[in-house]
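Residue numbers -19 to -1, 1 to 165, in mature numbering (1 follows the signal peptide of the UniProt record, and there is no 0), belong to the letters of the sequence shown in order.
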Amino acid sequence: MACGAFIALVATAIPTLNAMRRAAVALERLADTAREELPGTMAAVRLSGMEISDLTLELSDLSQEISESVRSSARAVRAAEVGIRRMGSAAASQTLSILQEHASVPVEAVRPVVANAAETTRQAMSQAHKAVLGLAGMPVLSNWIQKKKLEEQKKIEEGMSRSMKVDSSSEFDKSGDQDLMADC
């Protein structure tokens, strides 16, 4: 009876042992794959982190430049507006002085001349306003473009020096990875 119980125990344990063997083989394959893929994946993650950091810095710089440009443009527009208002005040005072000089002339005779002068003044003010706004944006734009060119040149130079550092560090990583593989 004891012999039959032992045979029954062994017979029921064989499928379990086969399943354990298959699981061990699968685990071994998974470990081999991890050993091969993990160093490259970690290097890619490291490079991605560096790229994200660089992009964050570039976005920060760009937002600062944009805010400076907006402030500069706003100052230029305010200055232009003040100048245009002064021109309008001067034109109005000159128009009034001319009207006072010719006060003896009947109003009906002066009305077309005044209307024409007012329209001419309005058109001149509008053109001056457009010209000042156009000129106000130009220096800011050209300064911004020059600044971007200089930054791009600096980034290229930094990228070249960084790539030299990355190449030397990647050789270290490869030798370290080979040591890890040899240990396994």
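Note that beta-carbon positions come from the ideal geometry of N, C-alpha and C, so glycine has one too.
Keep in mind it's a predicted model, so treat the numbers as computed, not measured.
When we look at the beta-carbon of residue i and count the other beta-carbons within 10 Å, is it buried (16 or more) or exposed?
i: residue 61; result: buried
i: residue -17; result: exposed
i: residue 161; result: With a pLDDT of 44 at residue 161, under the threshold of 50, the modelled position of that residue is not reliable, and no figure is offered here.
Is any non-hydrogen atom of the ligand COA found closer than 7 Å to the C-beta of residue i, if you look at the structure I gave you?
i: residue 105; result: With respect to the ligand COA, the structure offers nothing, as it holds no ligand at all.
Tell me, to the nearest whole angstrom, how far the beta carbon of residue i is from that of residue j; I am working on the premise that it is less than 8 Å.
i: residue 128; j: residue 46; result: 7 Å
i: residue 98; j: residue 76; result: 6 Å
For residue i, which option in the options has the closest C-alpha, if you only look at C-alpha atoms?
i: residue 49; options: 140, 136, 124 and 131; result: 124
i: residue 115; options: 36, 54, 138 and 101; result: 54
i: residue 132; options: 32, 38 and -2; result: 38
i: residue 68; options: 33, 102, 137 and 5; result: 102
May I ask you to verify whether the stretch 89 to 106 touches the stretch 66 to 79, counting CB pairs closer than 8 Å and requiring at least 3? Verdict: yes, contact present.
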